[in-house]
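Here the structure is laid out as structure tokens; the discussion comes afterwards.
Here you go:
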């Protein structure tokens, strides 16, 4: 059993994590979704303004579980505009155990992003129950396209790993991701972001004021923050 969510206020997930510690009840997995994910049926207010982007949310959840010595007990998935092999590698490098991809397969099956998923009038027959519109979806043809996309994406991921001198996706880490800061400077993700050590939140010796403050604000019995810590 597990759950999927898009991170909102950071202390809210830490509240869930505190409840895990108090009750001893752990999910088998958590899938972190990014605000950039979703379907054409999603209101523009949600897609543009609500939730935390995938990589920020994933890193926070990963760090929280590491800081509580829970990371080895809970698997982490990631989803949200994951299409290419690099997209997959980039989330594996910052904490995900696997990646969920919907968008790429939607494109392979014929989606043109008409944003009419909820109207039953999908012009390509992908998201409709209308028999007439469904005729646009030729299953044998689209099945082969989906197979080709899946096979070639995994092949590209394998080539990327080999180019980096790695044998398995689990060997990816933040030091394999690089961000250009300026025309003359680049930095590794491991230099740009805080990565908590195992048990760090439990000891109270937290590397980073942000994580320390969010942990103090979190409550196991409510999503409301501790007001004294928030102040």
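Numbering (the working numbering), first residue to last: 23 to 253. The beta-carbon is built from N, C-alpha and C at its ideal position, and this holds for glycine as well. No experiment lies behind these values; they were computed from the predicted model shown.
Using the three-state DSSP reduction, which class does residue i fall into: helix, strand or coil?
{"i": "residue 97", "result": "strand"}
{"i": "residue 169", "result": "helix"}
{"i": "residue 181", "result": "helix"}
{"i": "residue 157", "result": "coil"}
{"i": "residue 249", "result": "helix"}
{"i": "residue 217", "result": "coil"}
{"i": "residue 113", "result": "helix"}
{"i": "residue 139", "result": "helix"}
{"i": "residue 151", "result": "coil"}
{"i": "residue 130", "result": "helix"}
{"i": "residue 189", "result": "coil"}
{"i": "residue 163", "result": "helix"}
{"i": "residue 30", "result": "coil"}
{"i": "residue 196", "result": "helix"}
{"i": "residue 234", "result": "helix"}
{"i": "residue 240", "result": "coil"}
{"i": "residue 38", "result": "helix"}
Considering only DSSP beta bridges, list what residue i is partnered with.
{"i": "residue 209", "result": "201"}
{"i": "residue 229", "result": "Paired residues: none, contrary to the question."}
{"i": "residue 120", "result": "99"}
{"i": "residue 144", "result": "Answer by DSSP bridge pairing: none, since residue 144 is not bridged."}
{"i": "residue 24", "result": "51"}
Would you mind sorting residue i into buried or exposed? The rule is 16 or more other CB atoms within 10 Å of its CB.
{"i": "residue 25", "result": "exposed"}
{"i": "residue 57", "result": "buried"}
{"i": "residue 115", "result": "buried"}
{"i": "residue 85", "result": "buried"}
{"i": "residue 19", "result": "As displayed, the chain neither begins before 23 nor continues past 253, which places residue 19 out of reach and without an answer."}
{"i": "residue 184", "result": "exposed"}
{"i": "residue 23", "result": "exposed"}
{"i": "residue 52", "result": "buried"}
{"i": "residue 187", "result": "exposed"}
{"i": "residue 77", "result": "buried"}
{"i": "residue 63", "result": "exposed"}
{"i": "residue 227", "result": "exposed"}
{"i": "residue 96", "result": "buried"}
{"i": "residue 204", "result": "exposed"}
{"i": "residue 219", "result": "exposed"}
{"i": "residue 35", "result": "buried"}
{"i": "residue 206", "result": "exposed"}
{"i": "residue 224", "result": "exposed"}
Please confirm whether any heavy atom of the ligand GDP lies closer than 7 Å to the CB of residue i.
{"i": "residue 147", "result": "With respect to the ligand GDP, the structure offers nothing, as it holds no ligand at all."}
Whole runs of the alpha helix (DSSP H) within the region 42-100, excluding any shorter than 4 residues
66-71 and 76-89
May I ask you to verify whether the region 228-243 touches the region 32-50, counting CB pairs closer than 8 Å and requiring at least 3?
Three or more pairs of CB atoms, one per stretch, sit closer than 8 Å, so the region 228-243 contacts the region 32-50.
Report yes or no: do three or more beta-carbon pairs, one from the region 141-151 and one from the region 67-86, lie closer than 8 Å?
no
Across the region 164-176 and the region 83-95, are there enough close Cβ pairs to call them in contact, namely three or more that are closer than 8 Å?
no
Taking three-plus beta-carbon pairs below 8 Å as touching, is the region 188-197 in contact with the region 207-222?
A contact exists between the region 188-197 and the region 207-222.
Taking three-plus beta-carbon pairs below 8 Å as touching, is the region 117-125 in contact with the region 93-101?
Touching, yes, given that three or more Cβ pairs across the two stretches are closer than 8 Å.
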